[in-house]
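Inspection log for the structure reproduced underneath, given as structure tokens.
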Amino acid sequence: GASSRGRSFCACAVSVDDGAPSSSAAGSVYDDVAAPYLSVRIRCRKEDAELLSESLLCFGACSVTVDDITDAANLDEISITTIYAHGENVGSSISNAASSAGLDYSPAYETTVGKQCDWVTLVQETYESTKVIDDLWIIPKWKTPPDPQATNIIINPGLAFGTGEHPTTKLCLLFLKEVIKGGEHVMDYGTGTGVLGIAALKMGAALSTGIDIDPQAVRSARENMLLNGMDSDRMLVHLVPTGAEPSCFSSSIDKSEEEKPGSNLELKSSKGTHDIVAANILLNPLLELVEDIVGFAKTGGTVAVSGILCEQVKGI
Numbered sequence: 001g002a003s004s005r006g007r008s009f010c011a012c013a014v015s016v017d018d019g020a021p022s023s024s025a026a027g028s029v030y031d032d033v034a035a036p037y038l039s040v041r042i043r044c045r046k047e048d049a050e051l052l053s054e055s056l057l058c059f060g061a062c063s064v065t066v067d068d069i070t071d072a073a074n075l076d077e078i079s080i081t082t083i084y085a086h087g088e089n090v091g092s093s094i095s096n097a098a099s100s101a102g103l104d105y106s107p108a109y110e111t112t113v114g115k116q117c118d119w120v121t122l123v124q125e126t127y128e129s130t131k132v133i134d135d136l137w138i139i140p141k142w143k144t145p146p147d148p149q150a151t152n153i154i155i156n157p158g159l160a161f162g163t164g165e166h167p168t169t170k171l172c173l174l175f176l177k178e179v180i181k182g183g184e185h186v187m188d189y190g191t192g193t194g195v196l197g198i199a200a201l202k203m204g205a206a207l208s209t210g211i212d213i214d215p216q217a218v219r220s221a222r223e224n225m226l227l228n229g230m231d232s233d234r235m236l237v238h239l240v241p242t243g244a245e246p247s248c249f250s251s252s253i254d255k256s257e258e259e260k261p262g263s264n265l266e267l268k269s270s271k272g273t274h275d276i277v278a279a280n281i282l283l284n285p286l287l288e289l290v291e292d293i294v295g296f297a298k299t300g301g302t303v304a305v306s307g308i309l310c311e312q313v314k315g316i
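Just so you know, full-length UniProt numbering puts 191 at position 191 of the sequence shown, and the rest follows in order with no gaps.
Take a look at the structure:
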């Protein structure tokens with residue numbers, strides 16, 4: 001959601017269901033929707049604020065707000081205010097986020113316990129319908145589409161990263177809008193909510209394959225697939241356990257969610273068969289996995305990588 005001070009991001013990892021039955025297992029993440037929350041104030045170098053903020057969202061922060069730089073008393077540091085569900089391991093989250101963002105120091109932080117609140121209402125209030133371009137919208141499932149004639153992608157945005165609000169997600173959607181002509185096979189590498197794969201199919205692609213190493217993301221993508229009336233024959237979503245997880249994603253794989261062996265064999269056999277590959281993840285995993293990402297594209301295919309900050313370009 002927008003912030004009057006600084007910049008705000010939200011990718012809350014709690015269920016934001018509106019009460020309707022859901023195929024998602026997300027309710028087990030936080031069974032008590034009326035619970036206290038943790039407000040955490042983190043100090044970091046100003047130049048690290050944006051990347052650290054994005055990384056914190058990958059490691060359990062519900063929302064992140066960066067203070068206005070002009071209001072910062074210290075010319076070299078800035079504060080990031082984050083919200084966590086009560087019970088989250090804040091220290092581990094910040095440590096993992098700092099490592100993923102490539103920081104060479106451990107940011108200082110202080111934690112306060114907020115009052116009891118209704119998580120569903122709190123999270124729903126942070127999301128609005130997002131217009132990517134005039135005829136392309138991302139709509140939270142409890143909202144009414146402003147333009148019923150547009151391409152409307154319906155999502156439950158509280159289960160994984162990729163709500164359509166973030167600039168890199170918008171860039172990827174604009175890229176797909178430009179390159180999809182009809183009938184393409186598309187790979188969504190690091191699928192998150194599945195928004196890119198769903199968009200690709202609505203734009204005319206024949207097949208979308210999404211992969212992620214986070215079981216929660218896979219559940220989210222599959223739920224959003226159903227919300228958009230997508231056939232599982234056209235949209236495939238794979239959980240890919242790995243011994244060398246990209247640092248952006250959760251390191252704990254729920255073995256009960258692992259794909260059947262045949263499914264992973266099917267994924268391996270799809271190497272070199274995709275017309276379009278889109279990978280919207282952080283820079284470190286992009287660099288670690290570039291060969292794997294490119295390997296899914298067929299000869300003459302198109303590969304788009306995103307999640308790279310402007311100041312990181314020179315270091316690539």
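Using N, Cα and C, we set each Cβ at its ideal position, and we do this for glycine too.
| field | At least three beta-carbon pairs within less than 8 angstroms, the segment 268-277 to the segment 126-143 | value | They do not touch, by the three-pair rule.
| Closer than 8 angstroms, CB to CB, is Gly295 near chain C or not? | Of the protein chains in this structure there is only one, and it is not chain C.
| Do the CB positions of Asn284 and Ser100 come within less than 8 angstroms of each other? | Sequence index remark: in the sequence shown, residue 284 carries index 284 (1-based). Sequence index remark: in the sequence shown, residue 100 carries index 100 (1-based). Taking C-beta atoms as the reference points, Asn284 and Ser100 count as a pair closer than 8 angstroms.
| Per DSSP, what kind of secondary structure is residue 319 in: helix, strand or coil? | This structure gives no information on residue 319, because the portion of the chain shown stretches from 1 to 316.
| query | Is the number of C-beta pairs between the segment 213-227 and the segment 293-310 that are closer than 8 angstroms three or more? | reply | With a cut-off of 8 angstroms, the segment 293-310 and the segment 213-227 do not count as touching, because too few Cβ pairs lie within range.
| request: Give the range of the alpha helix (DSSP H) segment to which Leu283 is assigned. | output: Taking the sequence shown and counting its residues from 1, one reaches residue 283 at position 283. Unbroken alpha helix (DSSP H) run through Leu283: Leu283 to Gly295.
| CA-to-CA distance, Val186 to Gly197, given in whole angstroms | By 1-based counting over the sequence shown, the position of residue 197 is 197. By 1-based counting over the sequence shown, the position of residue 186 is 186. Rounded to the nearest whole angstrom, the C-alpha separation of Gly197 and Val186 is 7 angstroms.
| task | Could you name each continuous alpha helix (DSSP H) segment of 4 residues or more that falls completely within the segment 175-214, going from the start of the chain to the end? | result | Here the runs fully enclosed are 195-202.
| request: Could you check what DSSP says for Pro157 in three-state terms: helix, strand or coil? | output: What you label residue 157 is simply residue 157 of the sequence shown in a count that begins at 1. Three-state DSSP puts Pro157 in coil, outside helix and strand.
| query | What residue from Pro140, Thr168 and Tyr37 has the CA that sits closest to Tyr84's CA? | reply | In the sequence shown, residue 84 corresponds to position 84, counting from 1. If we check each option's Cα against that of Tyr84, Tyr37 comes out closest.
| query | If we count the other Cβ atoms within 10 Å of its Cβ and call it buried at 16 or more, is Thr191 buried or exposed? | reply | Start at 1 with the first residue of the sequence shown, and residue 191 comes out as number 191. Taking every protein chain shown into account, the CB of Thr191 has 16 or more other CB atoms within 10 angstroms, so this residue is buried.
| query | When we look at the beta-carbon of Lys141 and count the other beta-carbons within 10 Å, is it buried (16 or more) or exposed? | reply | Along the sequence shown, read from residue 1 onward, the residue named residue 141 stands at position 141. Classification of Lys141: buried, given that the 10 Å Cβ count is 16 or more.
| Counting along the chain, where does the beta strand (DSSP E) carrying Asn280 start and finish? | The residue labelled residue 280 in the question sits at position 280 within the sequence shown. For Asn280, the enclosing beta strand (DSSP E) starts and ends at His274 to Asn280.
| Under a three-way DSSP split, which group does Arg43 fall into? | For the purposes of this step, residue 43 is identified with residue 43 of the sequence shown, where counting begins at 1. Looking at Arg43 - three-state DSSP - the assignment turns out to be strand.
| field | Pair within 8 angstroms by beta-carbon distance, Ala98 and Leu57 | value | Counting from 1 along the sequence shown, the entry for residue 98 is found at position 98. Counting from 1 along the sequence shown, the entry for residue 57 is found at position 57. Contact: no.
| query | Could you give the residue range of the alpha helix (DSSP H) that holds Ile94? | reply | Locating residue 94 in the sequence shown gives position 94, where the first residue counts as 1. That run of the alpha helix (DSSP H) goes Val90 to Ser100.
| said: Quick check on this structure: which residue in Gln216, Val240, Ile94 and Asp188 has the alpha carbon closest to the alpha carbon of Ala297? | reply: Taking the sequence shown and counting its residues from 1, one reaches residue 297 at position 297. The residue with the shortest Cα to Cα distance from Ala297 is Asp188.
| Pro140 by DSSP, collapsed to three states: which one? | Position 140 of the sequence shown, counted from the start, is the residue given in the question as residue 140. Strand at Pro140.
| task | Find out if the Cβ-Cβ distance for the pair Cys154, Leu227 is shorter than 8 angstroms. | result | Counted from its first residue, the sequence shown places residue 154 at position 154. Counted from its first residue, the sequence shown places residue 227 at position 227. Going by the sequence as given, residue 154 is Ile instead of Cys. In this structure, Leu227 lies closer than 8 angstroms to Ile154 by Cβ.
| Alpha-carbon to alpha-carbon, Arg43 and Gly114 | Along the sequence shown, read from residue 1 onward, the residue named residue 114 stands at position 114. Along the sequence shown, read from residue 1 onward, the residue named residue 43 stands at position 43. Straight through space, the alpha carbons of Arg43 and Gly114 are spaced by roughly 19 angstroms.
| What residues are listed by DSSP as bridge partners for Asn152? | Mapped onto the sequence shown, residue 152 falls at position 152. Under the DSSP definition of a beta bridge, Asn152 partners with Trp137.
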